[in-house]
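Engineer:
Residue numbers (the working numbering), protein chains in the order written: chain A, 1 to 409; chain B, 1001 to 1252.
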């Protein structure tokens, strides 16, 4: 049939009432742009939270004793890895592994003469590249050295809260491996600012040797943290590092809460997406229905000329597709600009990021992520919704009796 | 075989509790090549009769045959197919598709009939030439006068080579000169193509073109006869010189 002519009629009909077409196009475009920005932003935030968590907290893979209880940051010898250096070396030898290093985690309280705060203490191999992100984030003073027996690195945010600075002394209280309270005085060597409020407020770093001595764990460690060349190699490396009495966890296991929350959060966004699409659908349906009412007479003429009802339906659907595609393309352009802006400048969310606790490491700004696949999917879904919305007006037009339609003559 | 045969055709409209009989027991034949006027006062059933002949509507009772085929109870799409292939329409209000040029309007029924591109081009060019609008082929309806639009509508009605062209008050919205031209063109194309033309009118000057006149009153045929053009009518004028378009159609 005359497909080309139907497209032409559709396109020219859209140009007949330019203001209405422009308004509908703007509605579709804004809907599409909004979908891109919303989804780009939430995907960016979730992706960033996951990357922050992997980079600063969990690594891609962790090896622990199978009895280790993370919630308690247990320091009992039976719960700690006995030869963490050897295990780290074994992991490091795997081709998929970029870096591996032992870590000892402690719960502690830092005290100054005026104030105190609960913190998570990281006893780290200060020479390992695993902690390069902290080294890079050290903004005042210096990073730790392995033989530093009383140096400590704390977050700038914590330092500000405690009113201390580089060179000042602070007292750290912990409960050691034998369950006895221990207290030691440290000198602040440096301050770090990762930009993650919760992390900067709740984390302090010691050389692992000092932490082990302080906590009485011998040369044991809580875990070996492994960074991979590619995150999708985690399962393979996990299998390679399995051993009796060991528990090997991937970044998915270690960020289960974040990932589960992300799924719920994304479901919420899918509902938002649906609402935006429904608004677009209503606008399109309204536009096309008005177009049908305005063109009853023409529908009668086309019917008199022998156009079948299916062809009349298709003519209006093509019109909707044209309007939808034009709106989606315009929206994709506007949305790309919005996403690019939010990817570059971000959206300030302030200290809200501290609320979620360590499960969600978020910065003070949310950054959008450009996700071509997702955006293409949203565009296709929007077009699908537009076509769905056009079905009723198109059906209405095709059901007009030619005699009734021609009465409009 | 007549192009169209109506036997005992009745059509009633029901509006609320009011029942109005638009046509009652109409029986008539239209033969190939006829140039027939249906005349009668407003409300006599002219338009309804044309709509039934054109398969735009279905009768309540009676039988309609087109080229020997009973079309009385065809479904909507079957009627659309029939209209597309065998019936051309000319309406009072020109009824062109406003977003298409004169050329594209004439071409539309050919596209709907899947006529190939070369043949479409040939037919559309010849028809626009025949109605004197070859030089205005690319104009949209709003760039044409009423008379020109109606000439495009005539060309469009003839494009698929129908066996029957139905025209409902084709000159009602035209001035005298344009009305005359339109009727002259219709008459000439009727003679050249052999296509039967049936037109509804209550304008005596238009009726004067008809070779057969069917008179309706209150939905019934009250007179049906052959006439000769009157000496004072438009039809008696010499339209050969000033009638727009005068080519003969090669595809007729």
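Where is the CB? At the ideal position from N, CA and C, for every residue including glycine.
Using only CA atoms, which one of 69/A, 160/A, 88/A lies nearest to residue 79/A?
Structural biologist: Residue 79/A has its Cα closest to that of 69/A, out of 69/A, 160/A, 88/A.
Engineer: In the DSSP assignment, find the unbroken alpha helix (DSSP H) run with residue 1158/B in it and report its ends.
Structural biologist: Run containing residue 1158/B: 1146-1158, per the alpha helix (DSSP H) assignment.
Engineer: Less than 7 Å between CB atoms is the rule here; does residue 1084/B satisfy it with respect to chain A?
Structural biologist: Yes, residue 1084/B lies at the interface with chain A (some Cβ there is under 7 Å from its Cβ).
Engineer: Do we get a CB-CB distance below 7 Å when we pair residue 1165/B with the residues of chain A?
Structural biologist: Taking Cβ atoms only, chain A never reaches closer than 7 Å to residue 1165/B, which makes this a no.
Engineer: Out of curiosity, what's the CA-to-CA distance linking residue 1009/B and residue 1029/B?
Structural biologist: The alpha-carbon atoms of residue 1009/B and residue 1029/B are separated by roughly 12 Å.
Engineer: Could you please give the first and the last residue of the uninterrupted alpha helix (DSSP H) stretch that includes residue 1224/B?
Structural biologist: First-last for residue 1224/B: 1220-1226, but that is the beta strand (DSSP E), not the alpha helix (DSSP H).
Engineer: So residue 1097/B contacts chain A; which residues on that side make the cut at Cβ distance below 8 Å?
Structural biologist: In chain order: 9, 298, 301, 302.
Engineer: Using a C-beta to C-beta distance shorter than 7 Å, which residues of chain B count as neighbours of residue 307/A?
Structural biologist: What residue 307/A touches in chain B: 1080, 1112.
Engineer: Taking only runs of the beta strand (DSSP E) that begin and end inside the region 183-247 of chain A, which ones reach a length of at least 3 residues, in chain order?
Structural biologist: Fully enclosed beta strand (DSSP E) runs of 3 or longer: 203-207, 223-228.
Engineer: Could you say which of 151/A, 207/A, 42/A, 133/A lies nearest to residue 194/A if we only look at CA atoms?
Structural biologist: Residue 133/A is the option with its Cα nearest to residue 194/A.
Engineer: Contact criterion: CB-CB distance below 7 Å. Does residue 399/A meet it with respect to chain B?
Structural biologist: It does not: the Cβ of residue 399/A has no partner Cβ on chain B nearer than 7 Å.
Engineer: Buried or exposed: which applies to residue 1027/B, given that a residue is buried once 16 or more other Cβ atoms fall within 10 Å of its Cβ?
Structural biologist: It counts as exposed.
Engineer: Kindly list the residues whose CB is nearer than 7 Å to the CB of residue 201/A, restricted to its own chain and excluding five residues on each side of it in sequence; keep chain order.
Structural biologist: Same-chain partners within the cutoff: 155, 157, 158, 161, 354.
Engineer: CB-CB under 6 Å to residue 398/A, same chain, minus the five flanking residues each way: which ones, in chain order?
Structural biologist: 309, 312, 313, listed in sequence order.
Engineer: Name the chain B residues whose beta carbon is nearer than 7 Å to that of residue 402/A?
Structural biologist: Chain B residues near residue 402/A: 1056.
Engineer: Any Cβ of chain A within less than 7 Å of the Cβ of residue 1004/B?
Structural biologist: Not an interface residue.
Engineer: Quick one: list the residues of chain A neighbouring residue 1077/B, beta-carbon separation under 7 Å, in chain order.
Structural biologist: The answer, in chain order, is 308, 309.
Engineer: Measure the Cβ-Cβ separation of residue 118/A and residue 109/A and say whether it is below 7 Å.
Structural biologist: Yes. Within cutoff.
Engineer: Measure the beta-carbon distance from residue 49/A to residue 361/A and round it to whole angstroms, keeping in mind my assumption that it falls under 8 Å.
Structural biologist: Going by Cβ atoms, the distance from residue 49/A to residue 361/A rounds to 6 Å, so yes, they are a contact pair.
Engineer: Pick out the complete beta strand (DSSP E) segments inside the region 246-300 of chain A, 3 residues or longer, and give them in chain order.
Structural biologist: For the region 246-300 of chain A, whole beta strand (DSSP E) runs of length 3 or above, ordered along the chain, are 246-250.
Engineer: Could you check whether the region 176-187 of chain A touches the region 237-254 of chain A, counting it as contact only if at least three pairs of C-beta atoms, one from each stretch, sit closer than 8 Å?
Structural biologist: Touching, no, given that fewer than three Cβ pairs across the two stretches are closer than 8 Å.
Engineer: Under a Cβ-count criterion, where at least 16 other Cβ atoms within 10 Å of its own Cβ denotes burial, should residue 1238/B be classed as buried or exposed?
Structural biologist: Summary for residue 1238/B: the model assigns pLDDT 46, below 50, so the residue's position carries little reliability; its value from the coordinates is reported in the next sentence. The residue in question, residue 1238/B, is exposed, as its Cβ has fewer than 16 Cβ neighbours within 10 Å.
Engineer: Give the DSSP-derived three-state secondary structure of residue 377/A in the structure shown.
Structural biologist: Helix at residue 377/A.
Engineer: Given a threshold of 16 other Cβ atoms within 10 Å of its Cβ, counted over all protein chains shown, does residue 165/A qualify as buried or as exposed?
Structural biologist: With fewer than 16 other Cβ atoms within 10 Å, it is exposed.
Engineer: Starting from residue 1089/B, find everything on chain A with Cβ-Cβ shorter than 7 Å and list it in chain order.
Structural biologist: Going along chain A in sequence order, the residues near residue 1089/B (Cβ under 7 Å) are 304.
Engineer: So with CB distances below 9 Å, who are the chain A contacts of residue 1051/B?
Structural biologist: Here the neighbours are 402, 403, 406.
Engineer: Ordered along the chain, which non-local residues of its own chain (more than five positions away) have a Cβ less than 6 Å from that of residue 1048/B?
Structural biologist: Cβ neighbours of residue 1048/B beyond the five flanking positions: 1011, 1022, 1023.
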